[in-house]
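First to last, the protein sequences are chains A and B. Using the UniProt record's numbering, read the first sequence as starting at 1 and increasing by one per residue. Using the UniProt record's numbering, read the second sequence as starting at 1 and increasing by one per residue. We put the beta carbon where it would ideally sit given N, CA and C, even for glycine. These figures come from a predicted structure and were not determined experimentally. Notes to accompany the following structure.
Protein chains: 2
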Amino acid sequence: MSYKLNLDKLDFQIIQEMMENAEISYADLGKKLFVSGGTIHVRIKKLEECGVVKGTRLSVDLKALGYDVIAFIGIFLEKSSLYDTVAKELRKIPEIVRLNYTTGNYSMFAEVVCKDIKQLRFVLHDELQKIKGIERTETFISLDESLNRNVVVVGE
Amino acid sequence: MSYKLNLDKLDFQIIQEMMENAEISYADLGKKLFVSGGTIHVRIKKLEECGVVKGTRLSVDLKALGYDVIAFIGIFLEKSSLYDTVAKELRKIPEIVRLNYTTGNYSMFAEVVCKDIKQLRFVLHDELQKIKGIERTETFISLDESLNRNVVVVGE
DNA sequence: ATTGAAAGAGTCTCAGT
DNA sequence: ACTGAGACTCTTTCAAT
């Protein structure tokens with residue numbers, strides 16, 4: 001399915017560093033990895049062209065912005081085949097930030113970010129319940145997020 | 001707990017734009033939002049100082065890097081009070097990228113990113129099972145990720 | 001608080017190795 | 001494929017409003 005990309009140790013090191021902090025200059029990153037800034041530049045350009053690097057995103061503290069409630073929702077479908085149509089409806093709800101089709105107990109798994117419990121209640125009760133094909137849902141509200149990081153990427 | 005931050009519409013607009021694409025120049029973003037590049041600069045500096053903006057991160061295609069398997073793990077603890085000690089152990093496992101203490105069925109909820117099923121099996125069987133305090137786990141393997149985006153942030 | 005311009009720092013290109 | 005230097009663009013500072 002996916003092409004055989006020829007990434008070496010340096011490519012993985014660059015990705016690892018910049019996944020945590022994309023603001024570092026090419027010159028500084030080059031020093032850290034014992035190559036020139038020019039080489040870092042060439043590698044990043046290659047990684048962008050082959051689609052491995054998709055861009056850079058601002059990392060924000062959602063709590064500080066008033067988004068205090070994170071919840072996970074396990075969704076049971078009436079029929080598994082309804083996945084695509086239900087996913088299409090769920091996509092329209094801006095509070096839903098992530099959606100996965102999963103094996104196991106639930107048919108789908110969603111993550112919701114809200115300002116408060118009132119808004120979560122609105123999403124669960126008003127938005128979700130009117131979507132055809134959803135049998136029932138189970139909600140897990142996050143009381144504490146103890147970890148949120150990137151995976152450690154390594155070559156073979 | 002958190003300070004009353006005085007963020008206006010412009011702050012929220014800047015955050016919204018840069019959550020998706022942090023590479024845009026201050027001048028271009030200023031044009032888009034009808035202010036000068038200097039104003040964008042002042043606002044971002046303010047947002048960094050008050051901790052709302054934590055930095056920028058490279059967005060990568062994990063599948064292209066060979067990380068094909070995303071799984072969610074519901075964890076049942078023997079006692080809820082074991083949360084901190086179990087979280088400390090789970091933190092040591094690099095494949096675990098996210099960990100939440102939740103209400104509902106499970107005590108904790110983890111997300112795992114692996115190269116293949118073999119590696120997932122290793123995490124579940126060898127790493128997780130030897131942690132004291134975990135009663136049992138339920139695993140949900142993602143067959144398809146249909147959505148992964150940022151929440152839409154708005155002021156009051 | 002916002003602006004525009006000048007100074008400083010970083011990115012990008014390219015010829016040489 | 002890597003390097004270093006020059007051209008170019010962006011960030012950062014600051015005086016004026």
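(Q) Given this structure, state the Cα-to-Cα distance separating Glu23/A from Arg91/A, to the nearest angstrom. (A) The residue you call residue 23/A lines up with position 23 of the first sequence. The residue you call residue 91/A lines up with position 91 of the first sequence. Their Cα atoms are separated by approximately 31 angstroms.
**Q.** Three CB pairs or more closer than 8 angstroms across the segment 90 to 110 of chain B and the segment 62 to 75 of chain B
**A.** yes
Q. Nearest to Tyr83/A by alpha carbon, out of Asn150/B, Val153/B, Gln16/B, Glu145/B?
A. By one-based count along the first sequence, residue 83/A stands at place 83. Tyr83/A has its Cα closest to that of Glu145/B, out of Asn150/B, Val153/B, Gln16/B, Glu145/B.
Q | CB contact below 9 angstroms: Ser81/B versus chain A | A | Here residue 81/B corresponds to residue number 81 of the second sequence, with the count starting at 1. Not an interface residue.
(Q) Just to confirm my understanding: we take Asn6/B, look at its own chain, exclude 5 residues before and 5 after, and list those with CB closer than 6 angstroms. What are they? (A) For the purposes of this step, residue 6/B is identified with residue 6 of the second sequence, where counting begins at 1. Around Asn6/B: no qualifying Cβ.
Q: Look up Glu135/A in the DSSP assignment and say whether it is helix, strand or coil.
A: Mapped onto the first sequence, residue 135/A falls at position 135. Glu135/A: strand per DSSP, three-state reduction.
Q. In terms of residues, what are the limits of the beta strand (DSSP E) holding Gly74/A?
A. Along the first sequence, one-based indexing puts residue 74/A at 74. It spans 69 to 77 - the beta strand (DSSP E) in which Gly74/A sits, taken as one unbroken run.
Q: Answer with yes or no whether the minimum CB distance from Glu145/B to chain A is below 9 angstroms.
A: Start at 1 with the first residue of the second sequence, and residue 145/B comes out as number 145. Taking Cβ atoms only, chain A reaches closer than 9 angstroms to Glu145/B, which makes this a yes.
Q. Rounded to the nearest angstrom, how far is the Cβ of Val154/A from that of Val113/B, given a contact under 8 angstroms?
A. By 1-based counting over the first sequence, the position of residue 154/A is 154. By 1-based counting over the second sequence, the position of residue 113/B is 113. In fact, because the Cβ distance is near 12 angstroms, the residues do not count as touching under 8 angstroms.
Q: Name, please, each residue of chain B whose Cβ falls closer than 7 angstroms to the Cβ of Gly38/A.
A: For the purposes of this step, residue 38/A is taken as residue 38 along the first sequence, with counting starting at 1. By Cβ distance, chain B contributes nothing, its closest Cβ being about 19 angstroms from Gly38/A, past 7 angstroms.
Q: With Ala87/B as the anchor, note down where its alpha helix (DSSP H) starts and where it stops.
A: By one-based count along the second sequence, residue 87/B stands at place 87. It spans 83 to 91 - the alpha helix (DSSP H) in which Ala87/B sits, taken as one unbroken run.
Q: Reducing DSSP to helix, strand and coil, say where Ala110/B ends up.
A: Counted from its first residue, the second sequence places residue 110/B at position 110. Three-state result, Ala110/B: strand.
Q | Start and end residues, beta strand (DSSP E) containing Leu120/B | A | On the second sequence, position 120 is the one that residue 120/B refers to. Run containing Leu120/B: none in the beta strand (DSSP E); it sits in the alpha helix (DSSP H), 117 to 121.
Q.
I'd like to know if Ile15/B contacts chain A, where contact means its C-beta is closer than 9 angstroms to some C-beta of that chain.
A. By one-based count along the second sequence, residue 15/B stands at place 15. Chain A contact via Cβ: present.
(Q) Based on DSSP bridge pairs, tell me the residues matched to Arg57/B. (A) Here residue 57/B refers to the residue found at position 57 of the second sequence. Beta-bridge pairing links Arg57/B to Arg57/A.
Q.
So Gly30/B contacts chain A; which residues on that side make the cut at Cβ distance below 7 angstroms?
A. Taking the first residue of the second sequence as position 1, residue 30/B is located at position 30. Simply none; closest approach about 16 angstroms.
Q.
Quick check on DSSP: helix, strand or coil for Ile24/A?
A. Residue mapping note: residue 24/A aligns to position 24 of the first sequence, counting from 1. Here Ile24/A sits in coil by DSSP.
Q) Does any C-beta atom of chain B lie closer than 9 angstroms to the C-beta of Val123/A? A) Along the first sequence, one-based indexing puts residue 123/A at 123. Answer no: the Cβ-Cβ gap between Val123/A and chain B never drops below 9 angstroms.
Q: Name the one or two DSSP bridge partners that Glu145/B has.
A: As a first step, residue 145/B is located in the second sequence; it is residue number 145 there, counting from the start. In DSSP, Glu145/B forms a bridge with Asn100/A.
Q) When the Cα atoms are used, what is the spatial distance from Asp61/B to Thr85/B? A) Reading the second sequence from its first residue, position 61 is the one you call residue 61/B. Reading the second sequence from its first residue, position 85 is the one you call residue 85/B. One C-alpha to the other measures close to 33 angstroms.
Q | Closest residue to Ala87/A among Glu78/A, Tyr101/A, Glu95/A (Cα-Cα distance) | A | Numbered from its first residue, the first sequence carries residue 87/A at position 87. That would be Tyr101/A, whose Cα lies nearest to the Cα of Ala87/A.
Q: Would you please verify whether the beta carbon of residue 166/B is less than 9 angstroms from any beta carbon of chain A?
A: It is not possible to answer for residue 166/B, since the shown part of chain B is limited to 1 through 156.
Q | Three-state secondary structure assigned by DSSP to Phe34/A | A | Sequence index remark: in the first sequence, residue 34/A carries index 34 (1-based). DSSP places Phe34/A in coil when its eight states are reduced to three.
Q: For chain A, find out if any of its Cβ atoms is closer than 9 angstroms to the Cβ of Tyr101/B; answer yes or no.
A: As a first step, residue 101/B must be located in the second sequence, where it is residue number 101. At least one chain A Cβ lies under 9 angstroms of Tyr101/B.
Q.
Taking DSSP's pairing of strands, which residues face Phe140/B in a bridge?
A. As a first step, residue 140/B must be located in the second sequence, where it is residue number 140. Answer by DSSP bridge pairing, in chain order: Phe72/B.
Q) For a contact meaning CB atoms closer than 7 angstroms, what does Arg98/A contact in chain B? A) Counting from one through the first sequence, the residue named residue 98/A turns up at place 98. Neighbours of Arg98/A on chain B, chain order: Leu147, Asn148.
Q | Option nearest Leu143/A by Cα separation, candidates Leu29/A, Met18/A, Lys63/A, Ile44/A | A | Taking the first residue of the first sequence as 1, we reach residue 143/A at position 143. Among Leu29/A, Met18/A, Lys63/A, Ile44/A, the Cα nearest to that of Leu143/A is on Lys63/A.
Q.
Taking 9 angstroms as the threshold (C-beta atoms), are Leu29/A and Ile15/A in contact?
A. Residue numbering aside, residue 15/A sits at position 15 when the first sequence is read from its first letter. Residue numbering aside, residue 29/A sits at position 29 when the first sequence is read from its first letter. Contact: no.
**Q.** Gln129/B (DSSP reduced to helix, strand or coil)
**A.** The residue given as residue 129/B occupies position 129 in the second sequence. The answer is coil: DSSP assigns Gln129/B none of H, G, I, E or B.
Q: Use the C-beta contact count for Glu111/A: other C-beta atoms within 10 angstroms, 16 or more gives buried, fewer gives exposed.
A: Residue numbering aside, residue 111/A sits at position 111 when the first sequence is read from its first letter. By the neighbour-count rule (16 or more Cβ atoms within 10 Å), Glu111/A is buried.
(Q) Closest to Val35/B by C-alpha separation, out of Gly51/B, Asp11/B, Lys54/B, Thr56/B, would be which residue? (A) The sequence position of residue 35/B within the second sequence is 35, counting from 1. The option with the nearest alpha carbon to Val35/B is Asp11/B.
Q: Assign residue 160/A to buried or exposed, taking buried as 16 or more other Cβ atoms, counted over all protein chains shown, within 10 Å of its Cβ.
A: Only positions 1 to 156 of chain A appear in the structure, and residue 160/A is not among them; the question remains open.
Q: Taking all protein chains shown into account, decide if Val52/B is buried (16 or more other Cβ within 10 angstroms of its Cβ) or exposed.
A: For the purposes of this step, residue 52/B is identified with residue 52 of the second sequence, where counting begins at 1. Buried is the call here.
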